[in-house]
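Student:
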Amino acid sequence: MKPSIPQGTRDFSAAVLRKRNFILQTIRSVFETYGFEPLETPAMENTETLMGKYGEEGDKLIFKVLNNGLNNPDKRDAVIRDFDAVMEGRTNKGITERALRYDLTIPFARYVAMNQGQLTFPFKRYQMQPVWRADRPQRGRYREFWQCDADVAGSTALLHEVELSLIYTNVFNKLNVPVEVHINNRKILGALATVCGGEDMMMDITIAIDKLDKIGMEKVKDELIGKGLSMEQVDTVESFISIAGSNDEKLKALEDMFSSIPQGLEGINELRTVLDSFHAIKGMASAGTQLLVDLSLARGLNYYTGTIFEVKALGVLMGSIGGGGRYDDLTGLFGVKGIAGVGISFGVDRIYDVMEELTAFPESIQKGTTALFFNTGTAEEKYILPIAEELRSKGVACEIYHELAKFDKQFKYAEKKNIPFVIIIGSKEMEAGTALVKELASGTQTETKVDEIASALGY
RNA sequence: GAGGUUGUAGCUCAGUCGGUUAGAGCGUCUGAUUGUGGUUCAGAAGGUCGUGGGUUCGAGACCCAUCAUCCUCCCCA
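Numbering of the first sequence is given in my numbering, commencing with residue 638 and proceeding in unit increments.
1. What separation, rounded to the nearest whole angstrom, lies between the Cα atoms of K1043 and Y1096?
2. Do the stretch 1082-1091 and the stretch 986-998 make contact, defined as three or more Cβ pairs closer than 8 angstroms?
3. Going by DSSP, what residue range makes up the alpha helix (DSSP H) through A890?
4. Do you know whose CA, among I976, N1012 and F1058, lies nearest T1006's CA?
5. Tell me which residues share the same chain as L756 and place their Cβ nearer than 8 angstroms to its Cβ, disregarding the 5 neighbours each side in the sequence.
6. Whose CA, out of L967, R762 and W783, lies closest to the CA of G689?
7. On the premise that A1025 lies in contact with L1094, defined as a C-beta separation below 8 angstroms, what is that separation, rounded to the nearest angstrom?
8. What does a CB cutoff of less than 7 angstroms around A890 pick up in its chain, not counting 5 residues either side in sequence?
9. Should A651 go down as buried or exposed, given a rule of 16 or more other Cβ atoms within 10 Å for buried?
10. Which residues mark the beginning and the end of the alpha helix (DSSP H) in which G695 is found?
11. Closest by CA to I1002, which one among K656, S641 and P640?
12. Restricting to runs no shorter than 4 residues, where is the alpha helix (DSSP H) found entirely within the stretch 670-723?
13. State yes or no: is the C-beta of R823 within less than 9 angstroms of the C-beta of R963?
14. Using beta-carbon positions only, say whether L849 and S933 come within less than 9 angstroms of one another.
15. With the cut-off set at 9 angstroms, would you say M838 and G863 are in Cβ contact?
16. Straight-line CA distance for A794 to F946?
17. Would DSSP call R1029 helix, strand or coil?
18. Starting from L929 and walking both ways along the alpha helix (DSSP H), at which residues does that stretch end?
19. My understanding is that I981 touches I804, with C-beta atoms under 8 angstroms, so please give their C-beta distance in whole angstroms.
20. Look at L1077 and E1036 and say whether their C-beta atoms are less than 9 angstroms apart.
21. Name the DSSP beta bridge partners of M959, please?
22. Looking at A1072 and I1056, is the spacing between their C-beta atoms short of 9 angstroms?
23. Are the beta-carbon atoms belonging to Q766 and L801 less than 9 angstroms from one another?
24. Tell me the residue span of the beta strand (DSSP E) that contains M765.
25. Cβ atoms of E892 and I878: under 9 angstroms apart, would you say?
26. Applying the criterion that 16 or more other CB atoms from any shown protein chain within 10 Å of the CB defines a buried residue, is G754 buried or exposed?
27. Give me the residue from V911, I918, Y940 and K919 with the minimum Cα distance to L929.
28. Could you tell me which of F758, I1060 and E734 sits nearest to V1074, measuring between CA atoms?
29. Would you mind giving the Cβ-Cβ distance between V832 and I846, rounded to the nearest angstrom? I have them listed as a contact below 8 angstroms.
30. Could you please give me the residues that DSSP links to G978 through a beta bridge?
31. Please state whether the Cβ-Cβ distance between V816 and A950 is less than 9 angstroms.
This is the structure we're talking about:
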């Protein structure tokens, strides 16, 4: 059997993992400075927890885990019946009771619903874990990938939207990735739907206008007509997504458009409040990332109800590298009403791909072992072991070459592993109680006392 | 779910019209060099040509199937 890994999954080597950890640590540290607390949930959820939360397309992409014991002959008939039910598109506990998590938001909502009595609200949690989607792998798309989410449950305050925007800004500034944070509000889209054929048309309309920058205005209009909108309604949609200018100009035009629709005005006000607070912060208005009102931004996940976000990297062809929004009643799906929430997500794997393309990773993160002790024989090895232990206790990452070998070979090992120093203690040095410390990059070599090795290494 | 790309040495890839024993660069190993690397030089190992059928006197190349891969659409991070 040829060794292989499942489609759309990857092994991560040391160099890759150091870069990934750099991204994860950056995000984590920013999350924590805003008071978010860590949470981890299981890789598997009950299938019924996940089904029906991500729309029809989403359901198809959920990895379902086959139940155990299906090969039991006594259960044969029942299993076949259950399988038929699955074939008809219905989930069935008899055959697949569990599924791999598809995102971190629904498990978070499930957690909040389960633990509402113990939590302090507003409950602010962050979560950085892999999720799985049975998608066709391609550029920027994996079947196993990591998300980093920060969510607030139990508050409708727009303060959270502002702070989440700031988190996006701070993280991408620290990662040195230029981005645009697009922002919109589902209430505005709801108002548009009200004007154009009713609220239940909202999904169809938003999905169509979401494609604007990809397929162009004419095809969007074709799609809307296909969904049953009248020419007049299509014209309204066109004038809506044609609204251009600065954020303020867009908001003013929207106010004219939806002056008689309270839901729309509410959405516009929410947007304005978030934008004002964000841009009033010193430094935000002039430099760095800005929030950009994007009326064609819709987001597919159907649980969003208010503000919605999406982050796009500038200068790299890549889908969104982050997204999120407000959901009024997420825990309602689990029978707990009245807990509103808002959250954002970072797509670590795409951020990685973008940073790789922009060569935005700092060199310094590739440091592993600091020093390599050459192996010059068994007696020396025994003598070196406690010296290495002493160094490690001082925080110096060091290793001893595993066997006696030509210096040539040991040098090459150090180079391959990007180890900056080698330490040579042979019989002569052993007798004298010294060590030769050589810095590979410069080639300079100094003889030092054994108990002064650490300082020779700069510790 | 639909469409396309590519599968040849550890890696990146040549391989002409179907024709003798399938090549290169990099990497690996050995030596030049018994305690001082990167350069250089000499040499060596490494292949069921993704897999299974078929066409042919003859297949790495052509045909069919299959698996894997990457990409596009759909949708998304």
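Cβ coordinates follow ideal geometry from the N, Cα and C atoms, glycine included.
Tutor: In terms of the structure at hand:
1. Going by the C-alpha atoms only, they are around 29 angstroms apart.
2. no
3. N884 to M894
4. The option with the nearest alpha carbon to T1006 is F1058.
5. V749, A790 and G791
6. L967
7. Not really, about 12 angstroms apart at Cβ, beyond 8 angstroms.
8. I880
9. exposed
10. Annotation: the continuous alpha helix (DSSP H) that includes G695 extends over G692 to K697.
11. Nearest of K656, S641 and P640 to I1002, Cα basis: K656.
12. 684-687 and 692-697
13. Yes, the pair counts as a contact, with Cβ atoms nearer than the cut-off.
14. yes
15. no
16. 16 angstroms
17. helix
18. Run containing L929: none in the alpha helix (DSSP H); it sits in the beta strand (DSSP E), L928 to V930.
19. 7 angstroms
20. Cβ distance not < 9 angstroms, so L1077 and E1036 don't count as in contact.
21. What sits at residue 959 in the sequence shown is Gly, not Met. BP columns for G959 point to V948 and F983.
22. no
23. L801 sits away from Q766, with the two beta carbons spaced by 9 angstroms or more.
24. F760 to W769
25. no
26. exposed
27. V911
28. I1060
29. About 14 angstroms; that fails the 8 angstroms criterion.
30. A790 and Y964
31. yes
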